[in-house]
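Residue 27 is where the sequence shown starts when you use this note's numbering, and the numbers rise one by one after that.
For each residue, glycine too, the CB sits at the ideal point set by N, CA and C.
The structure under discussion appears below in the form of structure tokens.
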Amino acid sequence: MESPVLYPSVNKSKPRGKTGVLLVNLGTPDSPAVPDVRKYLREFLMDGRVIDIPALPRFLLVNGIIAPFRAPKSAKTYREVWTDNGSPLKYYGEVAERELQQRLGTDEYEVKLAMRYQSPSIPDGLAHFQRLGLTEIIVIPFFPQYASATTGSVYEKVMDIVSRWQIIPEIRFVNSFLDHPKFVEGFAQLGRKYMAERAYDHYLFSYHGLPERQIRKGDVTKQVCKLGSCCDSLTAMNQHCYRAQCFETTRLLVKALGIPEGKYTTCFQSRLGNDPWIKPYTEDVIKELPKKGIKSVLAFSPAFVADCLETTIEVGEEYKEVFEEEGGEHWQLVESLNDSPIWIDLLEDLVKSKAYR
Numbered sequence: 027m028e029s030p031v032l033y034p035s036v037n038k039s040k041p042r043g044k045t046g047v048l049l050v051n052l053g054t055p056d057s058p059a060v061p062d063v064r065k066y067l068r069e070f071l072m073d074g075r076v077i078d079i080p081a082l083p084r085f086l087l088v089n090g091i092i093a094p095f096r097a098p099k100s101a102k103t104y105r106e107v108w109t110d111n112g113s114p115l116k117y118y119g120e121v122a123e124r125e126l127q128q129r130l131g132t133d134e135y136e137v138k139l140a141m142r143y144q145s146p147s148i149p150d151g152l153a154h155f156q157r158l159g160l161t162e163i164i165v166i167p168f169f170p171q172y173a174s175a176t177t178g179s180v181y182e183k184v185m186d187i188v189s190r191w192q193i194i195p196e197i198r199f200v201n202s203f204l205d206h207p208k209f210v211e212g213f214a215q216l217g218r219k220y221m222a223e224r225a226y227d228h229y230l231f232s233y234h235g236l237p238e239r240q241i242r243k244g245d246v247t248k249q250v251c252k253l254g255s256c257c258d259s260l261t262a263m264n265q266h267c268y269r270a271q272c273f274e275t276t277r278l279l280v281k282a283l284g285i286p287e288g289k290y291t292t293c294f295q296s297r298l299g300n301d302p303w304i305k306p307y308t309e310d311v312i313k314e315l316p317k318k319g320i321k322s323v324l325a326f327s328p329a330f331v332a333d334c335l336e337t338t339i340e341v342g343e344e345y346k347e348v349f350e351e352e353g354g355e356h357w358q359l360v361e362s363l364n365d366s367p368i369w370i371d372l373l374e375d376l377v378k379s380k381a382y383r
């Protein structure tokens with residue numbers, strides 16, 4: 027006996043509203059002034075997925091120590107990256123919003139940029155969608171690799187807001203896109219530009235770090251994560267592990283660029299506090315390179331799709347100084363995807379792969 031066909035046909039001719047596309051990046055202060063930077067740090071670091079400790083200790087740590095003392099130093103750094111267009115991270119997000127809207131057209135799609143912290147905000151973007159009576163919403167966090175503190179936080183914020191709506195449209199999320207061919211090719215194109223100019227002794231792939239405890243929390247089996255060789259391949263059991271996804275990103279880029287084995291390193295930057303973070307640490311790796319006779323390095327930051335403090339300043343300038351102090355001679359940062367056409371191509375692919383239309 028044949029199984030009944032529950033949905034023999036799908037009626038796509040029924041009335042449909044637009045598809046909303048919410049592009050979400052981490053966030054940036056409204057200005058490099060100390061009060062705005064302090065406000066940003068407070069919102070960012072009070073997120074329980076970013077500093078995953080109980081609420082009261084987190085409140086005391088952020089508002090009593092980190093924000094007051096870190097804000098002036100961070101403000102100075104933000105002034106270094108600020109341009110006539112404002113924050114590069116926000117500016118490139120605005121370009122992506124505008125370019126993607128042009129690609130998709132206005133008849134069927136509505137594209138909005140939002141930041142997880144500060145403005146333009148996720149609540150404002152979703153409120154705009156709600157007023158339009160959309161049929162569906164597609165949320166694209168600008169994080170190539172999934173992490174609870176980034177993509178997971180976006181999910182939580184969006185779901186918290188829409189859970190209070192009377193009518194909730196269909197919502198789809200992009201979980202990660204590190205293995206999308208256009209993401210890999212986008213960074214490979216940028217790398218080839220510098221590789222054509224000169225030969226490099228070594229290639230560094232530096233990713234934003236996370237506390238080890240957050241990686242372990244993600245291993246619901248409590249058996250897979252060893253924070254070591256378990257990341258040598260991406261499997262069904264570690265597919266959502268941030269560290270494993272970063273190593274997979276490196277493998278894909280190394281293959282696309284034809285980099286020989288032994289001439290590249292995957293490492294992690296931006297530690298905060300005294301708890302152990304995922305290793306190897308970028309700064310420690312850099313200090314050892316000149317001792318091995320490595321004099322020139324091409325550095326990638328494939329956890330970021332838009333240039334920001336962590337790319338331009340940390341990898342591009344601070345790590346360059348460390349490398350040269352240890353005897354290195356040439357350090358080159360590969361910029362992020364920013365406003366490159368292939369990045370907009372990638373976003374268009376992500377939307378159309380998720381859209382019902």
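Buried versus exposed call for residue i [16 or more other C-beta atoms within 10 Å across all chains shown]
i           : result
residue 210 : buried
residue 369 : buried
residue 35  : A caution first: residue 35 carries a pLDDT of 47, below 50, which makes its placement in the model too unreliable to give a value.
residue 341 : buried
residue 382 : exposed
residue 33  : Low confidence applies here, because residue 33 scores a pLDDT of 44, under 50, leaving its location unreliable; read the following figure in that light. That one is exposed.
residue 208 : buried
residue 274 : buried
residue 224 : exposed
residue 194 : exposed
residue 109 : exposed
residue 140 : buried
residue 167 : buried
residue 281 : exposed
residue 314 : exposed
residue 316 : buried
residue 337 : buried
residue 333 : buried
residue 86  : exposed
residue 107 : buried
residue 176 : buried
residue 100 : buried
residue 183 : buried
residue 248 : exposed
residue 261 : exposed
Rounded distance between the beta-carbons of residue j and residue i, thought under 8 Å
i           : j           : result
residue 47  : residue 126 : 7 Å
residue 363 : residue 212 : 5 Å
residue 304 : residue 353 : Wrong, their Cβ atoms sit about 27 Å apart, outside the cutoff.
residue 144 : residue 244 : No, residue 144 and residue 244 are not in contact; Cβ-Cβ is about 27 Å, not under 8 Å.
residue 291 : residue 345 : Not quite, the Cβ-Cβ distance comes to about 12 Å (not below 8 Å), so this is no contact.
residue 339 : residue 45  : Going by Cβ atoms, the distance from residue 339 to residue 45 rounds to 37 Å, so no, they are not a contact pair.
residue 365 : residue 118 : 6 Å
residue 159 : residue 43  : 5 Å
residue 361 : residue 230 : About 15 Å; that fails the 8 Å criterion.
residue 75  : residue 89  : That belief does not hold up - the Cβ atoms of residue 75 and residue 89 are roughly 18 Å apart, past 8 Å.
residue 214 : residue 279 : 6 Å
Where the alpha helix (DSSP H) containing residue i begins and where it ends
i           : result
residue 311 : 308-314
residue 6   : Residue 6 falls outside the range modelled here, since the chain spans only 27 to 383, and no answer is possible.
N- and C-terminal bounds of the beta strand (DSSP E) containing residue i
i           : result
residue 324 : 322-326
residue 295 : 290-295
C-beta neighbour in chain B for residue i, strict 7 Å
i           : result
residue 371 : Checking the listed chains, one finds no chain B in this structure; it contains a single protein chain.
Ignoring anything shorter than 4 residues, give me the alpha helix (DSSP H) runs that lie fully in the region 219-281, in order along the chain. 238-244
Closer than 8 Å is the cut-off here; do at least three beta carbon pairs connect the region 237-253 with the region 365-377? no
3 or more residues per run - each beta strand (DSSP E) lying fully within the region 81-163: 135-143
Pairing CB atoms from the region 81-100 with CB atoms from the region 165-178, are three or more of them under 8 Å? no
Note down, one range per segment and in chain order, each beta strand (DSSP E) of at least 3 residues found wholly within the region 173-206. 196-199
Tell me whether the region 94-113 and the region 52-66 touch, counting them as touching only if at least three CB pairs, one residue from each stretch, are closer than 8 Å. yes
Uninterrupted beta strand (DSSP E) stretches inside the region 331-365 (no shorter than 3 residues): 356-359
Contact the region 306-323 vs the region 348-362: 3+ CB pairs below 8 Å: yes
Enumerate, from N- to C-terminal direction, the unbroken alpha helix (DSSP H) stretches of 4 or more residues contained entirely within the region 35-79. 60-71
State whether the region 182-200 contacts the region 151-159, with contact taken as three or more CB pairs (one from each stretch) at a distance under 8 Å. yes
Using 8 Å as the cut-off, can you tell me whether the region 251-258 makes contact with the region 268-285, which would need three or more C-beta pairs spanning the two stretches below that distance? yes
Would you say the region 194-204 touches the region 289-297, given that touching needs at least three Cβ pairs under 8 Å? no
Tell me, please, whether the region 62-71 touches the region 88-97 by the rule of three or more beta-carbon pairs shorter than 8 Å. yes
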